Each structure stands twice: as C-alpha cells, then as structure tokens.
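Residue numbers (this note's numbering): 3 to 325.
Here is the structure we will look at.
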Amino acid sequence: MAVAAGKAAIAIHGGAGAIPRAELGDEGYRRAREGLRQALLAGWRVLSAGGLALDAVEAAVRALEDDPMFNAGHGAVFNAGGEHELDAAIMDGRTLAAGAVAGVRTIRNPVSAARRIMEASDCVLLAGSGADAFAREQGLETVAQDYFSTDLRRRYLERAKLAEAGKLERPASEAEKHGTVGAVAVDALGNLAAATSTGGYTNKRVGRVGDSPVIGAGTYAANGACAVSGTGRGEYFIRHTTARDIAARMQFAGMGLAEAAHAAIFTDLAAHDCGAGLIAVGPDGTVAMPFNTPGMYRGAITTDGVLCVGVYGDDFSVVETLG
Ligand code: ASP
Numbered sequence: 003m004a005v006a007a008g009k010a011a012i013a014i015h016g017g018a019g020a021i022p023r024a025e026l027g028d029e030g031y032r033r034a035r036e037g038l039r040q041a042l043l044a045g046w047r048v049l050s051a052g053g054l055a056l057d058a059v060e061a062a063v064r065a066l067e068d069d070p071m072f073n074a075g076h077g078a079v080f081n082a083g084g085e086h087e088l089d090a091a092i093m094d095g096r097t098l099a100a101g102a103v104a105g106v107r108t109i110r111n112p113v114s115a116a117r118r119i120m121e122a123s124d125c126v127l128l129a130g131s132g133a134d135a136f137a138r139e140q141g142l143e144t145v146a147q148d149y150f151s152t153d154l155r156r157r158y159l160e161r162a163k164l165a166e167a168g169k170l171e172r173p174a175s176e177a178e179k180h181g182t183v184g185a186v187a188v189d190a191l192g193n194l195a196a197a198t199s200t201g202g203y204t205n206k207r208v209g210r211v212g213d214s215p216v217i218g219a220g221t222y223a224a225n226g227a228c229a230v231s232g233t234g235r236g237e238y239f240i241r242h243t244t245a246r247d248i249a250a251r252m253q254f255a256g257m258g259l260a261e262a263a264h265a266a267i268f269t270d271l272a273a274h275d276c277g278a279g280l281i282a283v284g285p286d287g288t289v290a291m292p293f294n295t296p297g298m299y300r301g302a303i304t305t306d307g308v309l310c311v312g313v314y315g316d317d318f319s320v321v322e323t324l325g
C-alpha cells in the first residue's frame, strides 16, 4: 500500500491489564496479536489512500468492537445487572468537534453512533435510551443484548460476584475487571483524531459511566498538539482530565509528546495506584504508549509503514513493513 504524501501514522490499544500469559494460552495470544493487526490495517487502509485520520480511527475501533477478544462491542463485559452498557467517543482534531454515547445497550458499533452524534446532531454526548433511539433513527445497526455476550465475560462476572461476597479463592486479574479499545491517528495532512469504546468495568454499577465518552478524560484530539485514547480506572481519568492534560502540557508547558504522556500515567495517575495506560500520537507521527500494568494490548503503524503489536511489557515487536 503506497502512503500518500505526508506522515500518516496510527496507534491502537485493546486495554491495559492484559490477561496473564498462562491464562491467555498460545492460541489466545496469537488471536490477540492478529486482532490488533487487523484493526491497524483497517485504519491504515484509510490513511494510505490519503483518507482522514477521523475515518481511520473509526475504522480501527469498529474492527476492535467486532472482535470478542476486547472489551467493547461484541465481547463487552457485564454490569452488575448482568447486562451490557457501552460507552464510546470520537474527536476530530481539526475543529475540536466531538461525539459520544454513554450507557447504550443496542448499538452494534458505538463508535459509529458517536460519530453520527458529532455530525448529525447538535449534541456532544447522548446517553441511555435516547442514544439508542438516535442510532436507530440514523439507520445504524442495532442488536439484541446477547450479541455482546461471551462465555468468558460471563465467567468474569460470576467471579466478580464471588469476590464481592468474599468467596473468591484467586484474586481477579486486571483483565477480568476491565478493558477498552481505542485508536489515535494522524493523516497525511497532519490532522489528528481519537476514538475510544468500552464495556467499562465488570460488575460496574448499573448506569455507571467511565472516562471513554468524556471528552478530555479518556478521549481527546487537537490538531497541532496530540490525539489521546486512555484505558484504566475511568474515575481517575475523569478527575485528572487526563487526555486534555497531555495536550495542555504540550501546548502550555512546551513538553514533548512522550514526556507529557509519561507524566499523565506515572505522575498523575500513579498517585492513585491506578492501573492505567494510553496511546497518543503527535502531528509529526510520533507515537507514545505508556502503561503501568503488566500489559496493554497495543499496536502501531509508524510513518515509515512499520506495523508493530504487543501485549506485555517486553513483546512489542515488528510484524511486517507495509510497502
Ligand atoms: N476506562 C474504562 C472505564 O473506566 C475501563 C478500561 O479502560 O479498562 O470504563
């Protein structure tokens, strides 16, 4: 695939707190890496044809939402009521236009509903039944709750209920509790965009909304600064306005992308002992992916077309170079 003039790049994540290697097994590990690769390629097809960063992040996040490996869309975690409530957001760094959904229950690809809110409504954030109705009116694909459910996530809910009752023998891993998917991209013209989508936390209180759909917390993009998508305990991302703070550190304190992203995870959020990670990209295609958990599903295609994916701290590696 030929890259259009300029310096396009994309980065994605599938959540911090990756499943322990022994539990994931060889097949799970291979599937996770392949799922990341496919999502990157979905975004790269857009970018390499000279398309918009906004279209690229939507395409990548849709691929991750459709993949049951990740906690978003199909494969989302269950809330305390044994149901799925999904959050998502998208932001266009060109204009600071943004759209988001919170607590939706029937939209197959919440990120596309967020995009539609951004472009076809006068709102930024729509929640609950009103957001589900809006998606239906807009002709987006809707599904029954069962579509999102998987046996693995059901087991995680059962274990979370046992933990609540003090009856769990082995403590729940980070991966059992949460996860999220996200994408950030810069296109050939230097435009930035970010998108995030999640089922939130296993056994979360019904109605709980995390950081992913809160613009400036789990999702943010501003041309000339950066695009950011976060993963981790959403309540802390909201309180720190984490994604926006990274842009602010760059805009007002003159920090570079890597330094600003590192400070968000290892200074701000570290103070709460909060397992967290994020992906960020700058206008020149620089990518940062800090995380403080044992793993974060992640991948990137750099400006020179090198596709890398990783799950744990030490396995981020080149998969292929795109021509
Ligand atoms: N940030 C998500 C939330 O709080 C969860 C995660 O990323 O793991 O809903």
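Ideal Cβ placement from N, Cα and C applies to all residues, glycine included.
Computed from a prediction, not measured in an experiment: that's the story for all the values here.
| Query | Result |
| --- | --- |
| Asp-69, buried or exposed, once every other Cβ within 10 Å from all chains shown has been counted against 16 | buried |
| Segment contact, 8 Å Cβ cut-off, at least three pairs: the segment 144 to 153 with the segment 170 to 183 | no |
| As assigned by DSSP and simplified to three states, the class of Phe-80 | coil |
| Contact between the segment 111 to 131 and the segment 229 to 238 (3+ Cβ pairs under 8 Å) | no |
| Assumed close pair Arg-207, Ala-20 - CB separation to whole angstroms, cut-off 8 Å | Contact doesn't hold; Cβ gap of about 25 Å is too wide. |
| Outcome for Val-320 when other beta-carbon atoms lying within 10 angstroms are tallied against a minimum of 16 | exposed |
| Option nearest Lys-179 by Cα separation, candidates Leu-159, Leu-38, Arg-246, Gly-256 | Leu-159 |
| Close beta carbons around Pro-112, own chain, < 8 Å, minus the five adjacent residues each side | Glu-67, Ala-74, Gly-75, Leu-88, Asp-89, Ala-90, Val-103, Val-106, Ser-199 |
| Among His-242, Ala-185, Leu-194, nearest to Asp-213 - alpha-carbon criterion | His-242 |
| Status (buried if at least 16 other CB within 10 Å, exposed otherwise) for Ser-131 | exposed |
| Buried versus exposed call for Arg-157 [16 or more other C-beta atoms within 10 Å across all chains shown] | exposed |
| Inter-residue Cα distance where the pair is Ala-224 and Pro-292 | 20 Å |
| Among Ala-24, Gly-84, Thr-233, Gly-141, nearest to Gly-16 - alpha-carbon criterion | Thr-233 |
| Interface flag, Gly-315 vs chain B, CB-CB below 7 Å | No chain B is part of this structure, which consists of one protein chain only. |
| Beta-carbon spacing of Ala-327, Ile-248 below 7 Å | No answer is possible for residue 327: the residues shown for the chain start at 3 and end at 325. |
| Option in Phe-268, Ala-41, Arg-155 with minimal Cα separation from Tyr-203 | Arg-155 |
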